[in-house]
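Per my numbering, the sequence shown starts with residue 24, numbered consecutively.
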Amino acid sequence: MNIAGFNILSFKELVSTNDTALKYAQNGIGQRLVIVAQRQTAGRGRRGRKWQSLDGNLFFSVLLEFPLQNLGHLVMASALSLLKTIKIFTPTADVQLKWPNDVLLNGAKVSGILIEKGAGEYMIVGIGVNIVQAPDQIGMLYPVISLRKAGIVTTPEQFLQKYLEQFAKNILLSPVILRQEWLQNAKGIGQIIKIKQNNTEQTGIFVGIDENADLLLQTKDKIQKIMAGDVFYLGEENGRI
Ligand code: BTN
Numbered sequence: 024m025n026i027a028g029f030n031i032l033s034f035k036e037l038v039s040t041n042d043t044a045l046k047y048a049q050n051g052i053g054q055r056l057v058i059v060a061q062r063q064t065a066g067r068g069r070r071g072r073k074w075q076s077l078d079g080n081l082f083f084s085v086l087l088e089f090p091l092q093n094l095g096h097l098v099m100a101s102a103l104s105l106l107k108t109i110k111i112f113t114p115t116a117d118v119q120l121k122w123p124n125d126v127l128l129n130g131a132k133v134s135g136i137l138i139e140k141g142a143g144e145y146m147i148v149g150i151g152v153n154i155v156q157a158p159d160q161i162g163m164l165y166p167v168i169s170l171r172k173a174g175i176v177t178t179p180e181q182f183l184q185k186y187l188e189q190f191a192k193n194i195l196l197s198p199v200i201l202r203q204e205w206l207q208n209a210k211g212i213g214q215i216i217k218i219k220q221n222n223t224e225q226t227g228i229f230v231g232i233d234e235n236a237d238l239l240l241q242t243k244d245k246i247q248k249i250m251a252g253d254v255f256y257l258g259e260e261n262g263r264i
């Protein structure tokens, strides 16, 4: 099957769609390939975390040739495409982007993106979307939600199709427009946030992102570039708002 120029390979069960995509990249066959699985036995999240792969949700990885130095473009385009896809189903949905690449629905995390570098020039964009159920809130770092819980009814197949159409368009946006659209939809610009990185945490004002999609945090009299970490909005921690 081909959607928006992407060849789709569907599996019943995989360990992780990103792992399978990485193997295709090693073999040099993968330009514009999408690996999708109904189930993952060991889905991976950002920062070494697990991604719970609950029945009826969507798990896929897009494999494409993309220069590593433009990683920021891929980060912004993949998250913005998710946000726009949700709005296709419900134009009035309360959706926002959370740095680096989460999508919030009614203020809670509805999807996750894990971007990894494959062999050669290949990049892998692994995406999980809570279509019908979200993991149990207990023990989660952030509030979580599913599309269904918010009244948005779709299937993994339908959502994937709309997503790929969006992604094919948004990846072609100019860097200036892409950043502008990302910022327009971001949660917390101008607000105080906390960034946690391994064992350190910093508090400051979220002033924006640069062209590499690094977060700009104003602390005292300087602006720092943050390349990785978890963002917490004021008053929100360990799944509570
Ligand atoms: C996050 O931590 O928010 C990122 C989660 C990414 C999960 C997706 S599910 C499909 C793909 N395969 C994986 O093992 N991870 C990504």
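All C-beta atoms, glycine included, are put in the ideal place defined by N, C-alpha and C.
- Query: What separation, rounded to the nearest whole angstrom, lies between the Cα atoms of residue 127 and residue 157?
  - Reply: Numbered from 1 along the sequence shown, position 104 holds the residue referred to as residue 127. Numbered from 1 along the sequence shown, position 134 holds the residue referred to as residue 157. Computed Cα separation, rounded: 13 Å.
- Task: Have a look at residue 40 and residue 159 and give me their C-alpha separation to the nearest angstrom.
- Result: Mapped onto the sequence shown, residue 40 falls at position 17. Mapped onto the sequence shown, residue 159 falls at position 136. Cα to Cα, residue 40 sits roughly 22 Å from residue 159.
- Note the first and the last residue of the continuous beta strand (DSSP E) segment covering residue 146. Taking the sequence shown and counting its residues from 1, one reaches residue 146 at position 123. Element bounds for residue 146: 145 to 152.
- Kindly provide the ranges of any alpha helix (DSSP H) runs that are 4 or more residues long and lie completely inside the segment 36 to 109, ordered along the chain. 40 to 49
- Item | Bounding residues of the beta strand (DSSP E) (the contiguous stretch that carries residue 185) | Translated into the one-based positions of the sequence shown, residue 185 becomes position 162. For residue 185, there is no enclosing beta strand (DSSP E); the enclosing alpha helix (DSSP H) covers residues 179 to 193.
- residue 255 beta carbon near the ligand BTN (any heavy atom closer than 7 Å): Locating residue 255 in the sequence shown gives position 232, counting from the first residue. No, Cβ of residue 255 sits at least 7 Å from all heavy atoms of the ligand BTN.
- Using 8 Å as the threshold, is the segment 24 to 32 in touch with the segment 52 to 60, meaning 3 or more CB pairs across them? With the cut-off at 8 Å, the segment 24 to 32 and the segment 52 to 60 touch.
- Message: Quick check: what's the CA-CA separation for residue 45 versus residue 75?
- Response: The residue given as residue 45 occupies position 22 in the sequence shown. The residue given as residue 75 occupies position 52 in the sequence shown. Each residue's CA atom was taken as its position, placing residue 45 and residue 75 some 20 Å apart.
- Message: If the criterion is Cβ atoms closer than 8 Å, does the pair residue 102 and residue 81 meet it?
- Response: Reading the sequence shown from its first residue, position 79 is the one you call residue 102. Reading the sequence shown from its first residue, position 58 is the one you call residue 81. No; because the gap between Cβ atoms is not below 8 Å, this pair is not in contact.
- Classify residue 206 as buried or exposed, calling it buried when 16 or more other Cβ atoms lie within 10 Å of its own Cβ. Walking along the sequence shown from the start, residue 206 turns up at place 183. When all chains shown are included, residue 206 counts as exposed.
- Please write down, chain order preserved, every residue whose beta carbon lies under 5 Å from a heavy atom of the ligand BTN. 39, 40, 41, 66, 67, 68, 69, 74, 82, 135, 137, 149 and 151
- Could you please give the first and the last residue of the uninterrupted alpha helix (DSSP H) stretch that includes residue 201? Translated into positions along the sequence shown, residue 201 becomes position 178. Unbroken alpha helix (DSSP H) run through residue 201: 198 to 207.
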